[in-house]
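Here is the structure we will look at.
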């Protein structure tokens, strides 16, 4: 129990440090910043408490917002994916969604792809809509959402593979 | 009671989510001027649309009062016309203004930052930072504009400070509102060396982009000369009754751009 907790805290801290000091500095083509920290909410086990997940999302969002000076955009996007994760799980994994701790290793590849994709896409959509907050920039927002979702997806997928192989 | 607690517990995630969303939006609203302005613009648009219906019904039933007010206004205009003819031109600087007429559709007087919404917007020639008056005196300054509506920072708003002078002595000061009584303003910066008395009229000073010189504000009802800072503390009773505003006039100062160019140079 304590071992699992300390492992989770270590994972959480490492990801946050990487996001703040490495990924926030990346600015591919001038506008692409991969949101690696979403991996925290993707790897949060289904058996864990959902209320804690929402608070975890809030705290993580605030930390990222303060480090990127985005004033609440990340916070709202993260708490939204944390709150809606129950439905995303049901939609992606169907009847298997309440199997504890089977999130990464014991599920179909297509289910995992959908699960990762939906979480990243919802987060990017909310984040970029709030950051630009202007309907006249609709196509810029869409372009940002699509490209950033793809890059973030690839990063998170690769790192997930690394973690699960270990 | 038990069932209320049960339903709160059952929906705790939703409640926590809503509270945290509110906090993060508040964070956004306070810190980012882009979001602040967009939210204010949307709020102006929505409050304009929603108040329009109720105000049009109200205005039908208030026609009698309105007629009386128009008669009063006509009388006042007649007086001004006579004053013109007698070469006592106090509204001289109004010549550089053209005037737009508008009706109030939303008005508050019970907050510390009161806002008025009117039924004219960019389509009616209204723009930001225009001065707003009635036949009795000044009302405020246009704050934000949509196509068909505009919001005004009322004189009853603790953020607004208007340049003012004593009509008799031309001593310069500024009027502000302290947020307490909707009929009383504070006149500041009048040095103890100038002589004032109860009943003196306060008018705009003309040293701003928004109002020409000589538009009435109110009369002195009370003053205190015991301040150690060398200035009077003066209470001014407002000519306008802000609780029953209906017709407003918006002043378009055509020489504003020229003045701004001069200042920028």
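Residue numbers (the working numbering), protein chains in the order written: chain A, 964 to 1129; chain B, 2 to 266. For glycine and all other residues, C-beta sits at the position ideal for the given N, C-alpha and C.
Listed by chain order, chain A residues near residue i by CB distance under 9 Å
i: residue 17 of chain B; result: 1014, 1017, 1018, 1021, 1042 and 1046
Contact list for residue i against chain B, beta-carbon separation under 8 Å
i: residue 1096 of chain A; result: 35, 36 and 39
i: residue 1039 of chain A; result: 22, 25, 26 and 29
i: residue 1024 of chain A; result: 25
Residue i - containing alpha helix (DSSP H), residue span
i: residue 1013 of chain A; result: 1013-1031
i: residue 59 of chain B; result: 34-62
i: residue 982 of chain A; result: 965-984
i: residue 1052 of chain A; result: 1048-1056
Collapsed DSSP secondary structure at residue i in the structure displayed
i: residue 1084 of chain A; result: helix
i: residue 1010 of chain A; result: coil
i: residue 1118 of chain A; result: helix
i: residue 258 of chain B; result: helix
i: residue 91 of chain B; result: With a pLDDT of 45 at residue 91 of chain B, under the threshold of 50, the modelled position of this residue cannot be trusted; read the value that follows with caution. It is coil, neither helix nor strand.
i: residue 70 of chain B; result: helix
i: residue 248 of chain B; result: strand
i: residue 243 of chain B; result: helix
i: residue 1111 of chain A; result: helix
i: residue 28 of chain B; result: helix
i: residue 1097 of chain A; result: coil
i: residue 1091 of chain A; result: helix
i: residue 1124 of chain A; result: helix
i: residue 3 of chain B; result: helix
i: residue 18 of chain B; result: helix
i: residue 264 of chain B; result: helix
Counterpart residues of residue i in DSSP-defined beta bridges
i: residue 12 of chain B; result: BP columns for residue 12 of chain B are empty, so no partner.
i: residue 1040 of chain A; result: Bridge partners of residue 1040 of chain A: none, in fact.
i: residue 253 of chain B; result: B:99
i: residue 105 of chain B; result: B:119
i: residue 991 of chain A; result: A:995
i: residue 114 of chain B; result: B:158
Residue i: contacting residues in chain B (beta-carbon distance under 7 Å)
i: residue 1034 of chain A; result: 28, 29, 32 and 33
Proximal residues of chain A, C-beta to C-beta of residue i below 7 Å
i: residue 14 of chain B; result: 1013, 1014, 1017 and 1046
Start-to-end residues for the beta strand (DSSP E) that takes in residue i
i: residue 234 of chain B; result: 234-239
- Run through the stretch 155-231 of chain B for me and flag every whole alpha helix (DSSP H) of 4 or more residues, listed as ranges in chain order. none
- Task: Within the stretch 124-159 of chain B, note down every full beta strand (DSSP E) run reaching 3 residues or more, in order along the chain.
- Result: Within the stretch 124-159 of chain B, complete beta strand (DSSP E) segments of at least 3 residues are found at 132-134, 139-146 and 151-158, given in chain order.
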